[in-house]
Amino acid sequence: MPLLTSPRGTPQRLTICALLAIAFGAAFAAGYALSLFSTDAATADHTAPLPEHAEVRIAARATGDGRVEVALQERGLFGEWSGPHLPQQRYLSTDAEAGKWRLSSSIPVSTHWPGVGVGRLETESLYGATLLEQFGLVPEPGLLCLVGHGDPALDSFWEFLATAAYNSAYLSRAKLRTFYSLDGAAQAHAIRECIADGAWGIAATLANADAVGDALRDASAAGINILTYNSGAERSASVNAFAHVGLDDKLGGERVGTQFNEAGVEGEIWCLIHEALNRGLEDRCDGLEQTYSGAVTRVRIHTEALRAEAAMQLPASGVRAVVGLNTDTLLWLVEVTAQAGIDDLTVAGFGNSPQLVAPLATGQLSFILWDQPSIQGVIAVNLLLTPPLWVSGNVLETGGAAILIEPAYFDWAEAKAYLTSITPGALADVLQRAGITAEQAALLGLGGGP
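As structure tokens, then:
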């Protein structure tokens, strides 16, 4: 038995945005096609060689209960370190035999550019100008800023979102700077730095709208395109954003509650809030309260101490179900319930990682609502590139448009149907990321696995 163990708005504006997004998509595709045959020196100057090898390092931390948790980081093209990649088997137990090497489960390593933007990073696309730029219809995109309240090193949601955002910037020949912090004052400072650096557009989350509101309004007054994303749809217009894009958090919570009712769950359930001052997480719990037939208790686990306290209280709490609001919370819940020997608790919630495949397959996780981080990153960047709507020489920006994404429901049946529909290569990659061996994959009816 290995001692590295596993963790258990307005419709008119929307129409205009949609049409412009289609036009830009076609233009970007055409620009890319032209760039394949281009010998323009300016385009060549943007090119940087890919690294010949991957550079990685080991991360480790004490868990507070005597164990050690290990992870892997990889260095990107510009010298930045990615958020920790967490193998499924990553804990060294307290009674491990001294001097004997232990092995974690495998982790895929990629050196493809562009990488995840952690902290502050700028990158520039390699592709040539779009057709609209070539004909002088719009200026060349400048600096775009993406400011968020999450931490890619702690939450895989932000890692997925940032990667998608960088890919979109790469295709659209724009520079993209990302900044993530749980501190609202730090987010506001990053926004003001973007103003000073002449940003073309700024997208920011409104988990703490009071902290960043003035900075965003100053950016709008400076003529910068303002977009809000992920959290705070109801406050978007107040910071002069022309649109908001994000998950329909309240609808997601409602669907979790409805699913519990249909599954016959009764009694008290917990809604775990992993970030303080995040309006979007409160919306998810609000939706859950509106549809679930029983009592909903909000349990806050945004610090290590609160998380440890919740883990201790859970076995004797008598709750019938627990809802995690991100991938990392769900994985933690699976581990906690396994260690405590709780086998009659329904665990479900919001997530977005291949690591959730195994818990779904074994029934440790009842279902997830895929919270679409990549879609949010792609739409946010491309909306920032949308030029303002001009009418008779004036900019017409009504603001308040909300592009809300429906979360996708996955239980094991749904997940298995999807996995058996993709190519063998894609399936092997997902199973490798999930830590599922070839033998386990065969038992699950997923072919030979990786």
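All residue numbers for the sequence shown refer to our numbering, where the first residue is 498 and numbers rise by one.
The C-beta atom is built at its ideal place from N, Cα and C for all residues, glycine as well.
Legend entry - Opening and closing residue of the alpha helix (DSSP H) in which residue 714 lies: 706-718
Inset, instruction - Tell whether a beta-carbon distance below 7 angstroms holds between residue 581 and residue 595. - result: no
Inset, instruction - Using only alpha-carbon positions, find the residue among 942, 597 and 645 that is nearest to residue 775. - result: 645
Inset, instruction - May I ask you to report which of helix, strand or coil DSSP gives residue 593? - result: coil
Inset, instruction - With DSSP as the reference, please indicate the residues paired to residue 771 in a beta bridge. - result: Answer is none; residue 771 lacks a bridge partner.
Inset, instruction - Sort 718, 680 and 907 by Cα distance to residue 704 and report the nearest one. - result: 680
Inset, instruction - Express the C-alpha separation of residue 808 and residue 838 in angstroms, rounding to a whole number. - result: 12 angstroms
Inset, instruction - State yes or no: is the C-beta of residue 553 within less than 7 angstroms of the C-beta of residue 571? - result: yes
Inset, instruction - Return helix, strand or coil for residue 928, following the three-state DSSP convention. - result: helix
Legend entry - Nearest residue (CA-CA) to residue 880, options 589, 726 and 813: 726
Legend entry - Beta-carbon contacts of residue 600 that lie in its chain and below 6 angstroms, excluding the five residues immediately before and after: none
Inset, instruction - Within its chain, find whatever has a CB closer than 8 angstroms to the CB of residue 556; leave out the 5 residues flanking it on each side and keep chain order. - result: 567, 568, 569, 570 and 581
Inset, instruction - Using the DSSP secondary-structure output, state which residues sit across from residue 570 in a beta bridge. - result: 554
Inset, instruction - Would you mind sorting residue 747 into buried or exposed? The rule is 16 or more other CB atoms within 10 Å of its CB. - result: buried
Inset, instruction - Report buried or exposed for residue 765, applying the criterion of at least 16 other Cβ atoms within 10 angstroms of its Cβ. - result: exposed
Legend entry - Stretch-stretch touch, CB-based, cutoff 8 angstroms, three pairs: the segment 661-670 with the segment 678-697: no
Inset, instruction - Would you kindly check if the distance between the Cβ of residue 820 and the Cβ of residue 878 is under 7 angstroms? - result: no
Inset, instruction - Please state whether DSSP places residue 820 in a helix, a strand or coil. - result: strand
Inset, instruction - Would you mind sorting residue 598 into buried or exposed? The rule is 16 or more other CB atoms within 10 Å of its CB. - result: exposed
Legend entry - Length of the line joining the Cα atoms of residue 899 and residue 717: 18 angstroms
Legend entry - Among 771, 740 and 940, nearest to residue 859 - alpha-carbon criterion: 940
Inset, instruction - Pull up the distance between the alpha-carbon of residue 771 and that of residue 788, whole angstroms please. - result: 22 angstroms
Inset, instruction - Return the CA-CA distance between residue 926 and residue 737, expressed in angstroms with no decimal places. - result: 42 angstroms
Legend entry - Three-way DSSP call (helix, strand, coil) for residue 755 in this model: helix
Legend entry - Simplified DSSP assignment, three categories, for residue 877: helix
Inset, instruction - Pull up the DSSP beta-bridge partners for residue 644, would you. - result: 676 and 701
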